[in-house]
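If you're matching them up, the sequences are chains A and B in order.
According to this note's numbering, the residues represented by the first sequence are 2 to 134, in order.
According to this note's numbering, the residues represented by the second sequence are 8 to 307, in order.
Cβ coordinates follow ideal geometry from the N, Cα and C atoms, glycine included.
In this text, all values refer to a predicted model and were calculated from it rather than measured experimentally.
This report refers to the structure that appears directly beneath it.
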Amino acid sequence: MYLDVVTPEAKTFSDEIDSVVLPGSEGDLGILRAHAPLVTTLQPGELRYVKDGSEHSLAVGNGIVEISNDYVSVLTDMAIDQDDIDATAVEAALERARKELSDTDITEDAEEIQKAIMQSIAILEVHRRRKGH
Amino acid sequence: MANLRDIRRRISSVKNTAQITKAMQLVAASKMKKAQDQATAGRPYADLMNKVLVNLKEQCDEDTHPLLQEGKGDKDLVLLITTDKGLCAGLNTNLLKIILTDAAKDASYVTVGAKGRKAMARAGRDLMADFTIDDPVSFADSRRISQFIIDQFLSGEIRSVKVGFSNFVNTMTQEPMFETLLPIRAIDLGRDKDFVGMGGNSKPVEVVHGDLGNYGGYIFEPSASHVLDTIVPQYVDYQVYQMILESRASEHSARMVAMKGATDNANQMVKDLTLQYNKARQAAITAELLEITTAMKALE
């Protein structure tokens, strides 16, 4: 099975894998070989895949997943490998976003910030879990 | 005949100018390369999105989506993408000419880039918002703009959204474009635009149906319309991002060509001035010799 993670800026991940668990908007979604063709939406969270018996994670943002012919394609606006996470920077960003959120009274801005916060939390979650290992 | 020292001074000043323009040319060349790479890096994203859109279109009634319907308002919104700085030949002028003739006078304008903002203010157009985008362009920045535009469109005061930008054809050619962004025409969904991924060599996306094996089509979770609701705004985000990248690549290539011209001109000028300098020097020597010989003749 093949997994592709693409953002508008780059192809973050592209490799042969054994299985993958995606943060779908309807809950986590485990994909094994020979899955039926499926398209679903993604919410910010942790994408875990198993390759050669070992598990690895990516923090992903909002997006779409397409599965066909043993090919899992993830279209998202953010994708960060677990090893590339800069926890202190993300925590600072989260702090900033929370402050902005309490300062703003424009609904559209608040929604955008809310989204950013969700993404930061997703990144931190991935980081925290990996550190526990 | 001009003063020798004056000519020498001019030569050195023109040489300095040539050095600066040469440096600017090299910087622009590398920045252009970066913008191009960035646009091509998003290529797989566009391909995949198109594939999903083409399949989605068959499974749900896409015409009901608000971003595919003409807005309820009576005003147009124009997003104008220009450069912040000059020295890029006729790039902005060509684009602004089209905007000033083709765009509705009573439209609201959203600008990216100082040149466009100033021109619209001068023409007395209604400026709604102005965004600055750093170099290199980040998707997060461009999404702020597209989200703002989508919100405006859905607010019900806007009929349609058009975008004026410079399309990068190749290093020598940049084409000013005035494209409709919203409402999206259903027929365009899933089709390649020539400004996506550094067009020029773009070809229509093949609709792939056969590769789903025994399955009739995709399963959409939770539903096809829900997926459509998610993907259409992302489609708009991506379009705006690509338009900005095209403009950036155009800017840098135009500047590179302009600076190459300037460097060539400066070098030619140094050549001419050196010739003039040598002539003047020769003339001075001849004059001196003449004076000496006449003086000697007079003494005999």
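- [ ] Compute the distance between the beta-carbons of Phe138(B) and Ile152(B), then report whether it is under 8 Å.
- [x] yes
Task: Own chain residues within Cβ distance below 6 Å of Asn23(B), not counting five before or after - done: none
Task: Ranges of the beta strand (DSSP E) found wholly within the segment 83-169 of chain B, counting only runs of at least 3 - done: 115-119, 133-138
TODO: Look at the alpha carbon of Ser115(B) and the alpha carbon of Ser19(B), and state the distance between them as a whole number of angstroms.
DONE: 49 Å
Open item on the list: Let's see if you can read the secondary structure: which residues bound the beta strand (DSSP E) around His72(B)?
Closed with: Segment: none, His72(B) is in no beta strand (DSSP E) and carries neither H nor E.
Task: With 16 other Cβ atoms within 10 Å as the buried cut-off, status of Ile1(A) - done: Outside the displayed range of chain A (2 to 134) lies residue 1(A), so it cannot be described from this structure.
Open item on the list: Does Leu297(B) come out as helix, strand or coil in the three-state DSSP assignment?
Closed with: helix
Open item on the list: Considering only the alpha carbon of each residue, which of Asn70(A), Val51(A), Thr13(A) lies closest to Gly31(A)?
Closed with: Val51(A)
Task: the segment 3-31 of chain A: positions lying closer than 9 Å to chain B by Cβ - done: Asp5, Val7, Thr8, Pro9, Glu10, Ala11, Lys12, Ser15, Gly25, Ser26, Glu27, Leu30
Open item on the list: To the nearest angstrom, how far is the alpha carbon of Arg15(B) from that of Lys12(A)?
Closed with: 55 Å
Open item on the list: So, at 7 Å on beta carbons, what are the nonlocal neighbours of Ser121(A) in its own chain, with the 5 sequence-adjacent residues on each side left out?
Closed with: Val91, Ala94, Leu95, Ala98
Task: Supposed contact pair Val277(B) and Ala25(B) - C-beta distance, whole angstroms, cut 8 Å - done: 7 Å
Task: Neighbourhood of His128(A) by C-beta, 6 Å cutoff - its chain only, sequence neighbours within 5 removed - done: Ile86, Ala88
- [ ] Have a look at Ser58(A) and Tyr3(A) and give me their C-alpha separation to the nearest angstrom.
- [x] 15 Å
Task: Per-residue DSSP class, three states only, for Arg49(A) - done: strand
Task: Rounded C-alpha distance that separates Gly207(B) from Arg17(B) - done: Because the pLDDT of Gly207(B) is 44, which lies under 50, any placement of that residue in the model is unreliable, and the question is left without a value.
TODO: Rounded to whole angstroms, what's the CA-CA distance from Asn174(B) to Asn285(B)? Just pull it up for me.
DONE: 47 Å
Task: Identified DSSP bridge partners for Gln181(B) - done: Phe175(B)
Open item on the list: According to DSSP, is Glu17(A) part of a helix, a strand, or is it coil?
Closed with: strand
- [ ] Measure the CB-CB distance between Leu102(B) and Thr89(B) and report whether it falls below 8 Å.
- [x] yes
Open item on the list: Quick check on Ala37(A): does DSSP put it in helix, strand or coil?
Closed with: coil
Task: Beta-bridge pairing of Ala193(B) - partner residues as DSSP gives them - done: DSSP, once it has assigned bridges, lists no residue as partnering Ala193(B).
Open item on the list: Just to confirm my understanding: we take Val75(A), look at its own chain, exclude 5 residues before and 5 after, and list those with CB closer than 6 Å. What are they?
Closed with: Val6, Val66
- [ ] Using the Cα positions of Thr47(B) and Ile118(A), report the straight-line distance between them to the nearest angstrom.
- [x] 29 Å
Open item on the list: I'd like to know if the segment 227-247 of chain B and the segment 47-63 of chain B are in contact, where contact means that at least 3 CB-CB pairs between them fall below 8 Å.
Closed with: yes
Open item on the list: Is there a C-beta anywhere in chain A that falls below 8 Å from the one on Ile27(B)?
Closed with: no
Task: Validate contact between the segment 80-98 of chain B and the segment 116-124 of chain B using beta carbons, cut 8 Å, 3 pairs - done: yes
- [ ] Would you kindly report the start and end of the unbroken alpha helix (DSSP H) that includes Thr77(A)?
- [x] Per DSSP, Thr77(A) belongs to no alpha helix (DSSP H); it is in the beta strand (DSSP E), 72-77.
TODO: Could you confirm whether any beta carbon from chain A is found closer than 8 Å to the beta carbon of His216(B)?
DONE: Any reading at His216(B) must be qualified, since the residue scores a pLDDT of 43, below 50, and its modelled position is unreliable; the value itself is stated next. With 8 Å as the cut-off, His216(B) does not count as an interface residue toward chain A.
Open item on the list: Comparing C-alpha positions only, which one of Ala35(A), Leu43(A), Asp82(A) sits nearest to Ser15(A)?
Closed with: Asp82(A)
Task: Among Glu101(A), Gly46(A), Lys116(A), the one whose alpha carbon lies nearest that of Gln154(B) - done: Lys116(A)
Task: Interface residues of the segment 53-86 of chain A facing chain B [CB-CB below 8 Å] - done: Asn63, Gly64, Ile65, Glu67, Ser69, Asn70, Ser74, Leu76, Asp78
Open item on the list: Using the Cβ count rule (16 or more neighbours within 10 Å means buried), how would you classify Gly64(A)?
Closed with: buried
Open item on the list: Taking contact to mean 3 or more Cβ pairs, one atom from each stretch, closer than 8 Å, check whether the segment 32-43 of chain B and the segment 258-267 of chain B are in contact.
Closed with: yes
Task: Strand pairing of Leu4(A), partner residues [DSSP] - done: Asp16(A), Val73(A)
Task: Residue from Ser103(A), Asp19(A), Thr8(A), Val73(A) with nearest C-alpha to Thr41(A) - done: Val73(A)
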